[in-house]
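Asks: Protein chains in written order, with my numbering: chain A, 138 to 249; chain B, 35 to 150.
We put the beta carbon where it would ideally sit given N, CA and C, even for glycine.
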Amino acid sequence: DQQVKQNSPSLSVQEGRISILNCDYTNSMFDYFLWYKKYPAEGPTFLISISSIKDKNEDGRFTVFLNKSAKHLSLHIVPSQPGDSAVYFCAASVKGNTPLVFGKGTRLSVIA
Amino acid sequence: GAGVSQSPSNKVTEKGKDVELRCDPISGHTALYWYRQRLGQGLEFLIYFQGNSAPDKSGLPSDRFSAERTGESVSTLTIQRTQQEDSAVYLCASSARLAPKAGELFFGEGSRLTVL
Numbered sequence: 138d139q140q141v142k143q144n145s146p147s148l149s150v151q152e153g154r155i156s157i158l159n160c161d162y163t164n165s166m167f168d169y170f171l172w173y174k175k176y177p178a179e180g181p182t183f184l185i186s187i188s189s190i191k192d193k194n195e196d197g198r199f200t201v202f203l204n205k206s207a208k209h210l211s212l213h214i215v216p217s218q219p220g221d222s223a224v225y226f227c228a229a230s231v232k233g234n235t236p237l238v239f240g241k242g243t244r245l246s247v248i249a
Numbered sequence: 035g036a037g038v039s040q041s042p043s044n045k046v047t048e049k050g051k052d053v054e055l056r057c058d059p060i061s062g063h064t065a066l067y068w069y070r071q072r073l074g075q076g077l078e079f080l081i082y083f084q085g086n087s088a089p090d091k092s093g094l095p096s097d098r099f100s101a102e103r104t105g106e107s108v109s110t111l112t113i114q115r116t117q118q119e120d121s122a123v124y125l126c127a128s129s130a131r132l133a134p135k136a137g138e139l140f141f142g143e144g145s146r147l148t149v150l
């Protein structure tokens, strides 16, 4: 029973365009959401987070949107750069202090 | 070093053997987590240590899996009588207990286990 779902295993985007990575969750108790980025042979690194009291959080080229009623969040990267090519994991927790539940990841390829 | 350190980085073992994987968390981080990522899958939570509290073992897939942590430092994940389905990258992460964003984990590079 997957509580955090990333239904697109891969995404290709041209350099300079917007990348949109999607994530759905089923557990209505989740109230803290994070995105992690993973390069090959490295551990995941924290990218951006959002609390359920907000519907948007922005950090430079990265923006996360949360739609609680739809139990959906998305990560927007604009403009996309070749160095953004990586696997992106969506994660969620309850009250921000329970073990994170991760999705399967989406592999983003940014083509120059 | 400043980050989470894991060893070995790669381990190949025969089915039925026991393996130990080690994790050195970031100094001062009181929370330590083990996850694994099997091929084509997401990160699967295994076990969580928080200070002196009893560990949360709810993610361990079977009684062949166990983990220990010495105080607020090194942790060892042990897999007994390994099976081929145990093949995965085992990731350790740590976080500061009182971090305002307590969900932010800092991951090591992982230990890739291959069971033949």
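Ignore the nearest five residues each way along the sequence and tell me which others in Phe-183(B)'s own chain have a CB closer than 6 angstroms to its CB.
Replies: In the structure as shown, chain B begins at 35 and stops at 150. Residue 183(B) is therefore absent and cannot be evaluated.
Asks: Could you check how far apart the C-beta atoms of Phe-167(A) and Ser-211(A) are, in whole angstroms? I think they sit under 8 angstroms.
Replies: Walking along the first sequence from the start, residue 167(A) turns up at place 30. Walking along the first sequence from the start, residue 211(A) turns up at place 74. At roughly 15 angstroms, the Cβ-Cβ gap does not stay under 8 angstroms, so Phe-167(A) and Ser-211(A) are not in contact.
Asks: Could you tell me which chain A residues have their CB closer than 7 angstroms to the CB of Gln-75(B), listed as they occur along the chain?
Replies: Translated into the one-based positions of the second sequence, residue 75(B) becomes position 41. Those within 7 angstroms of Gln-75(B) in chain A are Lys-241.
Asks: Taking C-beta pairs closer than 8 angstroms, name the residues in chain B that Val-238(A) reaches, listed in chain order.
Replies: Taking the first residue of the first sequence as 1, we reach residue 238(A) at position 101. By Cβ distance, chain B contributes Phe-79.
Asks: Reducing DSSP to helix, strand and coil, say where Glu-54(B) ends up.
Replies: Position 20 of the second sequence holds residue 54(B). In the structure shown, Glu-54(B) sits in a strand (DSSP, three-state: E or B).
Asks: Leu-125(B): buried (16+ other C-beta within 10 angstroms of its C-beta) or exposed?
Replies: Along the second sequence, read from residue 1 onward, the residue named residue 125(B) stands at position 91. In summary, Leu-125(B) is buried, with 16 or more beta-carbon neighbours lying within 10 Å of its beta-carbon over all protein chains present.
Asks: Are Cys-57(B) and Ser-100(B) touching if we call contact CB-CB under 7 angstroms?
Replies: For the purposes of this step, residue 57(B) is identified with residue 23 of the second sequence, where counting begins at 1. For the purposes of this step, residue 100(B) is identified with residue 66 of the second sequence, where counting begins at 1. No. Outside cutoff.
Asks: Have a look at Gly-144(B) and Glu-179(A) and give me their C-alpha separation to the nearest angstrom.
Replies: As a position in the second sequence, residue 144(B) is number 110, starting the count at 1. As a position in the first sequence, residue 179(A) is number 42, starting the count at 1. Whole-angstrom Cα-Cα distance: 7 angstroms.
Asks: Quick one: what does DSSP say Pro-134(B) is sitting in, helix, strand or coil?
Replies: Taking the second sequence and counting its residues from 1, one reaches residue 134(B) at position 100. Only weak support is given to the placement of Pro-134(B): the predicted model assigns it a pLDDT of 47, under 50, and the value that follows is read from those uncertain coordinates. In the three-state reduction of the DSSP assignment, Pro-134(B) falls in the coil class, being assigned neither a helical nor a strand state.
Asks: Which whole-angstrom value describes the C-beta separation of Val-141(A) and Lys-175(A), a residue pair presumed to lie in contact below a C-beta threshold of 8 angstroms?
Replies: Indexing the first sequence from 1 puts residue 141(A) at position 4. Indexing the first sequence from 1 puts residue 175(A) at position 38. Actually they do not touch by this definition, with Cβ atoms about 15 angstroms apart.
Asks: Using DSSP with H/G/I as helix, E/B as strand and the rest coil, what is Lys-120(B)?
Replies: As a first step, residue 120(B) must be located in the second sequence, where it is residue number 86. Here residue 120(B) turns out to be Asp, not Lys, going by the sequence shown. DSSP places Asp-120(B) in helix when its eight states are reduced to three.
Asks: I want to see whether chain A comes within less than 7 angstroms of Leu-125(B), judged by CB atoms only; does it?
Replies: Counted from its first residue, the second sequence places residue 125(B) at position 91. Yes - at least one Cβ of chain A is within 7 angstroms of the one on Leu-125(B).
Asks: By Cβ distance, which residues of its chain are closer than 6 angstroms to Leu-55(B), with the 5 residues on each side in sequence left out?
Replies: Position 21 of the second sequence, counting from 1, holds the residue named residue 55(B). The answer, listed in chain order, is Leu-111, Tyr-124 and Ser-145.
Asks: Rounded to the nearest angstrom, what separates Ala-36(B) and Glu-119(B) at their Cα positions?
Replies: Start at 1 with the first residue of the second sequence, and residue 36(B) comes out as number 2. Start at 1 with the first residue of the second sequence, and residue 119(B) comes out as number 85. Each residue's alpha carbon lies about 33 angstroms from the other.
Asks: Indicate the three-state DSSP secondary structure (helix, strand or coil) for Asp-97(B) in the structure shown.
Replies: By one-based count along the second sequence, residue 97(B) stands at place 63. Assigned with DSSP and collapsed to three states, Asp-97(B) falls in coil, not helix or strand.
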